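For what it's worth, this note's numbering labels the leading residue of the sequence shown as 23, then goes sequentially.
Shown next, in structure tokens, is the structure this report addresses.
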Amino acid sequence: MPVRTSRIRPVQGSHRSVGSFRFAFQTMGGGYSMKKFIYLGLLALGVVLMVAPPVMAQEEKPFTIHGEVRYRGEYDTNTTDFDSNTHDTAMFWPYRVRIAAEGHFSKNVSAWIEIQNANTGGVAGPTRTGFGFDGSDVELYQGNVTLDQLWSKNFSLRIGRQEIVAGNELLLGDLDFYAGITHDGGVGNWKLKKVNLMVWYSRPVENTVFGGNVSPDTLGIGAAPNPSTSVDFAGGYATWAFKKDQSFDVYLMDLSGRSVSSVQTVGARYAHDSTTKDGFIWDAELAQQFGDFNTTQKAKGRAIEGWFGYNWKKGRNVHRVYGRLESATGDKTSSTDYEGFVPMFGDFHNRTGRGDWFRLQDVSTGLGASPGGGIVALSAGYNGFYNDRHEFGVAYWKYELQEDNGAASKDLGKAFDVWYGFNYSRNVNFVVSLSQLNPDDALTGGGTNDSVKRLYGQARLRF
23 MPVRTSRIRP
33 VQGSHRSVGS
43 FRFAFQTMGG
53 GYSMKKFIYL
63 GLLALGVVLM
73 VAPPVMAQEE
83 KPFTIHGEVR
93 YRGEYDTNTT
103 DFDSNTHDTA
113 MFWPYRVRIA
123 AEGHFSKNVS
133 AWIEIQNANT
143 GGVAGPTRTG
153 FGFDGSDVEL
163 YQGNVTLDQL
173 WSKNFSLRIG
183 RQEIVAGNEL
193 LLGDLDFYAG
203 ITHDGGVGNW
213 KLKKVNLMVW
223 YSRPVENTVF
233 GGNVSPDTLG
243 IGAAPNPSTS
253 VDFAGGYATW
263 AFKKDQSFDV
273 YLMDLSGRSV
283 SSVQTVGARY
293 AHDSTTKDGF
303 IWDAELAQQF
313 GDFNTTQKAK
323 GRAIEGWFGY
333 NWKKGRNVHR
343 VYGRLESATG
353 DKTSSTDYEG
363 FVPMFGDFHN
373 RTGRGDWFRL
383 QDVSTGLGAS
393 PGGGIVALSA
403 GYNGFYNDRH
413 EFGVAYWKYE
423 LQEDNGAASK
433 DLGKAFDVWY
443 GFNYSRNVNF
453 VVSLSQLNPD
463 DALTGGGTND
473 SVKRLYGQAR
483 LRF
């Protein structure tokens, strides 16, 4: 159950207390000494201070507390050299702890303030300094104000630091499996009968000024913080829910590095998903890029995502079989343009498998030789949901370079995933997952090719 608190401010209850004190003073006449008058005044003031906060708390409770506590035990091996004879095994404990206050004030005005710490257990040592010097720093993850029904009953505006999430999170995601992604800027939403339009502007990188939260006489502007390397991010994303459980999205976004680059991404997505009945499911998305990758090369990257599967429901159990395609173009060395896909701010977790071995971009991995050339990932899998509490899944993956650039092989490797999830309660979830990658020549360069493993167990509380 959410924990609620109140924002203390003067309300009518305290005015009534002050009025009662004024009436008592007027009926006293001159029979009381000044000392007794002062004493009674202080006593009445004390009563006001003790009584008013509970009265206020009863009349106004604008805040709801939300939060997350997530700990994960993780075991990784052979991630640096694909050689089991070399010790490169690690067991560690990543965590993420965050807490947020959601406030609702006057009509159509709300705020969200969220802080978090995301780190790995033991990195800071056992002794706490109280000053953040031990690596347990707390950061502002989100802090924003929302104005609903601004200018129109269908329009809302959110200003400040915030998550921007859309579609299947290919380009705009929250990356909540790790430490998250937030943007400093503004987001406007038009919610119509069947269409939702989101527009935004944010500043991912600020290099125009340094020490910007100061007065103008101490503000640094100019060549030292190069203005041309500041980054702006703007765009629009429209979703048309034209049928039940089906939607069609179109979007246009621009990632601009001022005079250095300006990459535009235009795309479309068509999706149908449901776990409540038998039938086919799908999710198809195409994103094409153009503009200036830098001062000499045009941007021509492209990404494709496709899911196709079938659900069948038996009582409270839902079974799903599916195939997946994840593809991102790589930069072709013989081309004068940049053909690699620029990944924007999407959520890469479980996009090319639960091991997160690869990402949809030109240099798709940090494993092995870290080859450029994009990626084509194909998968087949099964996912089952049982009695609303249990989940089990298996998946097989095959990875290739999208552009080999003359390499001896395009094969990056094969992988499998197996996982189990358990909803302990409405707020608590457990997940155990094993992923194994068998690298091929495009990663190993013909060297040792021992398998890479990632095993983790995670507990997460959300409220």
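Glycine included, C-beta positions come from ideal geometry on N, C-alpha and C.
Values in this document were obtained by computation on a predicted structure and should not be read as measured data.
What span of residues does the beta strand (DSSP E) with residue i cover, start to end?
i	result
T466	Run containing T466: none in the beta strand (DSSP E); it sits in the alpha helix (DSSP H), 463-466.
A430	No beta strand (DSSP E) holds A430; DSSP gives it neither H nor E.
F114	111-114
E96	85-99
N218	217-227
R482	474-484
A293	284-294
E422	412-422
H205	205-213
S178	177-184
V272	268-278
Using the Cβ count rule (16 or more neighbours within 10 Å means buried), how would you classify residue i?
i	result
F199	buried
T204	buried
V160	exposed
T287	buried
T470	exposed
S55	Legend: pLDDT at S55 = 47, less than 50; position of this residue unreliable, value from coordinates given subsequently. Its Cβ having fewer than 16 others within 10 Å, S55 is exposed.
T318	exposed
S447	exposed
P148	exposed
T374	buried
M113	exposed
R476	buried
Q458	buried
L193	buried
G144	exposed
G202	buried
F315	buried
R150	exposed
T111	exposed
Y332	exposed
To the nearest angstrom, how far is it from the Cα of residue i to the Cα of residue j?
i	j	result
E228	G189	27 Å
K215	L179	18 Å
A350	G208	29 Å
T230	G279	11 Å
D271	N218	10 Å
S357	L277	22 Å
L400	G345	8 Å
Q367	F485	According to the sequence displayed, residue 367 carries Phe and not Gln. Their backbone Cα atoms lie some 26 Å apart in a straight line.
E124	I87	6 Å
G182	I121	17 Å
R291	L308	7 Å
G89	V167	18 Å
F330	P365	23 Å
Y163	V398	33 Å
F380	G435	11 Å
D196	D369	6 Å
D433	D462	6 Å
D300	P116	38 Å
T489	H294	Given a span of 23 to 485 for the chain in the structure shown, any question on residue 489 remains unanswerable.
Taking 6 Å as the cut-off, is the CB of residue i close to at least one heavy atom of the ligand FAD?
i	result
N471	The ligand FAD is not part of this structure, which contains no ligands at all.
What does DSSP give as the partner residue(s) for residue i in the beta ladder?
i	result
E161	Q138
I326	L308, S349
N492	The chain is shown from 23 up to 485; residue 492 falls before or after that span and cannot be answered.
Y344	G331, G403
E124	T86, W134
R118	R92, A140
W262	V217, F270
S356	According to DSSP, which records beta bridges pairwise, S356 is partnered with nothing at all.
L194	F367
G396	T351
Can you list, in chain order, the residues of its chain with a C-beta nearer than 7 Å to that of residue i? Leave out the 5 residues immediately preceding and following it.
i	result
W262	K216, V217, S269, F270
V385	S392, G394
P76	Low per-residue confidence applies at P76: pLDDT is 47, beneath 50, and the placement is therefore not dependable enough to give any value.
S106	N100, D472
S431	D462, D463, A464
Suppose the cutoff is 8 Å on Cβ atoms and the five residues either side in sequence are ignored; what does the same chain contact list for residue i look like?
i	result
A391	A464, L465, T466, G467
D410	R338, N445
With a threshold of 6 Å on Cβ separation, who are the neighbours of residue i within its own chain once the five nearest residues in sequence on each side are excluded?
i	result
F127	P84
Y478	R94, E96, S455
Y404	V343, V416
A256	Y223, D276
V440	V416, L456
V474	N100, T101, L459
G3	Outside the modelled stretch of the chain, which goes from 23 to 485, sits residue 3, for which no answer is possible.
V119	V91, N139
N449	L483, R484, F485
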